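Notes follow once the structure below has been shown.
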Amino acid sequence: MSVVKMELPSPFPHVEQKTSLNPERIRCARETAGLSKVQLAESLGVTSRTVTNYEEVGAPVSQVAALSNVLQVMPSFFSVSPSAPLIEDLSEGQVWFRSLRKSTVRQRRSSVGHGRNALLFFKWIEDHFRLPECDLPFADSVGMRPDSAVTMLRAILGYGENPLPEMTSLAEARGIRVFSLPTVGREVDAFSFMFDGVPYVAVDTSKTAERVRFDIAHEIGHLMMHEMVSEDVAAAGTRDIESETHSFAANLLMPKRRVLGMVPAHASVSQILAAKRYFKVSAMAMARRAYELGRLSEWEYRQACSELTVQGYKNGEPRGLRPEQSKVFRFVADTNRQKGISVSMVSEETGLVPQELHGLSFGNIWAVTGGSSLS
């Protein structure tokens, strides 16, 4: 007589242990940190070929602490959940950069890396909060001339030719995900991209509020006019992409008819400054717009720029606007505090260290290091 042994189900759920860390996440973290494969190998005490293997087939779990420490991410960053966005799908070729010529390939890759991190952060936010859906006509405006695209956008926004309010809040309210660039990555000034049909804009908050406003307007121009423009067309120079986008931003923030109505011919510097405050733009941008619309001759424009430089307007905005704030990140931070959701919890669930969350959130997510806080 045989006895059949029946096994009762274990009260402890079986969790399949990963034998290696996600290779794509290792590459993404390395690029964000601005490290080459050789530099990462030296920091880990391995060969560059070993790092290549890590990025092709994965690293052993025994390396998670070392990789996390060197690449400044949480260990959970290397464990990808099924619902996580495929951040590795965001490539440099999908991103429009504000200062493409001034930045290196490594700097651009680092910036794209912060964009990937922003995708993880916004995924966490969308899992816990309801954000506005984008209602801007990006699909309908591709290929439009800058003035036509601006006319369409201003009609939707409903401001006529009046000055626009804070661009950060305006963009957020229309469903654009706006985030700030951490210190590493600011060399590109600003950039934008579409991911899964959602628009994203990154800005450098170390700049003046006036310049941040122009950067956001500039990136919205890219999203509206150039989303379907191929890399080949952009690289071939058959369209002056940056010139089109500059024209879009200038038209959006300083509408032609309102400028002509406010700025007289042969305008003085004081009149340019009055218009600058009205339109909430930089003095240099206002002078340029007055020149482009024929209110200043070339000589008058050069003289105005020279005088504005002496007054400190070339690199700053004396008595300028207060820095713009993100209402989304402020609300998330305030709600988290009220509900007792710690930064460390958000950090663990996103895989991003508190310093990165701080850098992406306009400083709203506080990172505490060494007994001091970053605000």
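150 is the number of the first residue of the sequence shown in the working numbering; add one for each residue after it. Every residue gets a Cβ at the ideal spot worked out from N, C-alpha and C, and that includes glycine. None of the values given here were measured: they were computed from a predicted structure.
Non-local C-beta neighbours of Glu-449 in its own chain, meaning closer than 7 Å and more than five positions away in sequence, comprise His-415, ordered along the chain.
Bounds of any beta strand (DSSP E) do not take in Tyr-450; it lies within the alpha helix (DSSP H) bounded by 447 to 459.
Non-local beta-carbon contacts of Tyr-203 in its own chain, meaning distances under 7 Å to residues more than five positions away in sequence, involve Pro-172 and Ile-175 in chain order. Unbroken alpha helix (DSSP H) stretches of 4 residues or longer found wholly inside the region 292 to 363: 295 to 306 and 316 to 322, given in chain order. Below 8 Å, enough C-beta pairs join the region 227 to 240 and the region 268 to 288 to call them touching: three or more.
As DSSP reads the structure, Leu-509 sits in no beta bridge. Ranking Leu-372, Val-361 and Lys-356 by CA distance to the CA of Tyr-349 puts Leu-372 first. Annotation for Arg-479: the continuous alpha helix (DSSP H) segment containing it runs 476 to 488.
Assigned with DSSP and collapsed to three states, Trp-515 falls in coil, not helix or strand.
At least 8 Å separates the beta-carbon of Ala-453 from that of Ile-490. The beta carbons of Val-219 and Ser-192 sit closer together than 8 Å. Across the structure, Arg-444 and Thr-201 are spaced so that their CA atoms are roughly 58 Å apart. Arg-326 counts as buried, since at least 16 other C-beta atoms from the protein chains shown sit within 10 angstroms of its C-beta. Judged by their CB atoms, Ala-298 and Met-374 are nearer to each other than the 8 Å cut-off. Put simply, the backbone Cα of Gln-487 is about 29 Å away from that of Ser-228.
Taking C-beta separations shorter than 7 Å and ignoring five residues to either side along the sequence, the partners of Glu-456 in its chain run Val-418, following chain order. For Asp-338, the closest alpha carbon among the candidates Phe-278, Thr-253 and Val-408 is that of Thr-253.
Per DSSP, reduced to three states, the secondary structure at Ala-439 is helical. As the crow flies, the alpha-carbon of Ala-215 is around 16 Å from that of Glu-180.
Taking the C-beta atoms as reference points, Ala-399 is found no nearer than 8 Å to Met-411. According to the DSSP assignment, Thr-199 belongs to the alpha helix (DSSP H) that extends over 197 to 206. Taking the C-beta atoms as reference points, Val-210 is found nearer than 8 Å to Ser-169.
For Leu-409, the three-state secondary structure derived from DSSP is helix. Here the alpha carbons of Thr-300 and Asn-513 stand approximately 34 Å from one another. Per DSSP, reduced to three states, the secondary structure at Phe-278 is coil, with no helix or strand assignment.
Here the C-alpha atom of Gly-264 lies approximately 22 Å from the C-alpha atom of Ile-390. DSSP links Leu-170 through a beta bridge to Ala-208.
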